[in-house]
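Asker:
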Amino acid sequence: MVTPVGCRDGRSACRGLRTSGRGDETGRGWLVVGAGEPVAAPALDGPDTELDGERAVGTAGGVVTGRSARTGEELWRRADLGPVRILAVEPGRVYLLTEGRDLVTLDPVTGAERSRFAMDIGRDGTGWQPGRAHAADGYVAVERLRERARPDDDDQGYFLMAEPVLLAAT
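When the letters of the sequence shown are read in order and numbered with my numbering, they come out as residues 1 to 170.
1) Please go through the same chain and pick out, in chain order, the residues whose beta-carbon is closer than 7 Å to the beta-carbon of valine 14, but skip the five residues on each side of it.
2) What number of angstroms, rounded off, separates the C-alpha of threonine 49 from the C-alpha of aspartate 120?
3) Within the continuous alpha helix (DSSP H) that includes aspartate 155, where are the two ends?
4) Could you check whether arginine 28 and aspartate 45 sit closer than 8 Å to each other, using their CB atoms as the reference points?
5) Assuming glutamate 143 is part of the beta strand (DSSP E), what are its boundary residues?
6) Per DSSP, which one or two residues make a beta bridge with alanine 136?
7) Could you check which residue in Glu90, Arg148 and Pro130 has the C-alpha nearest to that of threonine 170?
8) How many whole angstroms separate the CB atoms of alanine 56 and alanine 69, which I take to be in contact at a CB cut-off of 8 Å?
9) Restricting to runs no shorter than 3 residues, where is the beta strand (DSSP E) found entirely within the stretch 44-104?
10) Go ahead and label alanine 41 buried or exposed: buried means 16 or more other beta carbons lie within 10 angstroms of its beta carbon, across all protein chains shown.
11) Exposed or buried, alanine 199, counting other C-beta atoms within 10 Å across all chains shown (16 or more means buried)?
12) By the 10 Å Cβ neighbour count, where 16 or more other Cβ atoms means buried, how is arginine 78 classified, buried or exposed?
13) Grouping DSSP H, G and I as helix and E and B as strand, with all else coil, what is proline 42?
14) Compare the C-alpha of proline 108 against each of Arg22, Leu51, Arg18 and Met161 and name the closest.
15) Taking just the CA atoms, how far does methionine 1 sit from glycine 16?
16) Is glutamate 37 buried or exposed, if buried means 16 or more other CB atoms sit within 10 Å of its CB?
17) Out of Glu25, Glu54 and Pro47, which has the shortest C-alpha to C-alpha gap to valine 39?
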């Protein structure tokens, strides 16, 4: 399986990829540099890792870590956010969703928090799970799915119907 990472637009203009096979829990990360051969990037091996330029940002065990994509050298570490999910990455911003449904934006160079706010719009509160997300120019759009949604559910069973997509400015 091939998973694109560090993509400029959806799954286009990607600067890296992760390959994995059956029984391979993590995979192997690669930087795609120009028209040449991919370059091994061990910092992209983890399944919860994304790419911003030459920096890999990953989550494991409630810790968010920034690393050099090429060498794996740790650049910064945040253990104060609890379990998070990386929603999206754009140049200069990493968007995380906490268990309490706070949207946290980090600077991928330093790990500093750029913004934080609750994503509990309307009467839906925090009883939803994130679907696809896309970020551009300081905005992030996040699909909100029902808590137990499965990909083969119809729209009524899959999307959180009141406001299925949240758009946030960070």
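Beta carbons are placed, not taken as given, at the ideal position from N, Cα and C, and that holds for glycine. Quick caveat: nothing in here was measured; it's all calculated off a predicted structure.
Answerer: On the basis of the supplied data:
1) Here residue 14 refers to the residue found at position 14 when the sequence shown is read from its first residue. Rather than valine, the amino acid found at residue 14 in this sequence is cysteine. Taken in chain order, the residues that qualify are Pro4, Val5, Gly6, Cys7 and Val32.
2) Taking the first residue of the sequence shown as position 1, residue 49 is located at position 49. Taking the first residue of the sequence shown as position 1, residue 120 is located at position 120. Cα-Cα distance, rounded: 26 Å.
3) Walking along the sequence shown from the start, residue 155 turns up at place 155. Segment 155-158, the alpha helix (DSSP H) holding aspartate 155.
4) Within the sequence shown, residue 45 is the residue found at index 45, counting from 1. Within the sequence shown, residue 28 is the residue found at index 28, counting from 1. A contact, by the Cβ cut-off of 8 Å.
5) As a working note, residue 143 is residue 143 in the sequence shown. Looking at the DSSP string, the run of the beta strand (DSSP E) that includes glutamate 143 is 139-145.
6) Against the sequence shown, residue 136 aligns to sequence position 136. According to DSSP, alanine 136 bridges with Tyr139.
7) For this step, residue 170 is matched to residue 170 along the sequence shown. Checking every option, the nearest Cα to that of threonine 170 belongs to Glu90.
8) For the purposes of this step, residue 56 is taken as residue 56 along the sequence shown, with counting starting at 1. For the purposes of this step, residue 69 is taken as residue 69 along the sequence shown, with counting starting at 1. Between alanine 69 and alanine 56 the Cβ distance is about 4 Å, and since that is below 8 Å, they are a contact.
9) 49-52, 55-60, 63-68, 74-78, 84-90 and 93-98
10) For this step, residue 41 is matched to residue 41 along the sequence shown. Its Cβ being crowded by 16 or more others within 10 Å, alanine 41 is buried.
11) Residue 199 is absent from the model: the chain starts at 1 and stops at 170.
12) Here residue 78 corresponds to residue number 78 of the sequence shown, with the count starting at 1. Counting Cβ neighbours within 10 Å, arginine 78 comes out buried, since at least 16 surround it.
13) For the purposes of this step, residue 42 is taken as residue 42 along the sequence shown, with counting starting at 1. Proline 42 falls in the helix class under three-state DSSP.
14) The residue given as residue 108 occupies position 108 in the sequence shown. The residue with the shortest Cα to Cα distance from proline 108 is Leu51.
15) On the sequence shown, position 16 is the one that residue 16 refers to. On the sequence shown, position 1 is the one that residue 1 refers to. Straight-line Cα distance between these residues: approximately 14 Å.
16) On the sequence shown, position 37 is the one that residue 37 refers to. Counting Cβ neighbours within 10 Å, glutamate 37 comes out exposed, since fewer than 16 surround it.
17) Locating residue 39 in the sequence shown gives position 39, counting from the first residue. Selected option, being the one with the closest Cα: Glu54.
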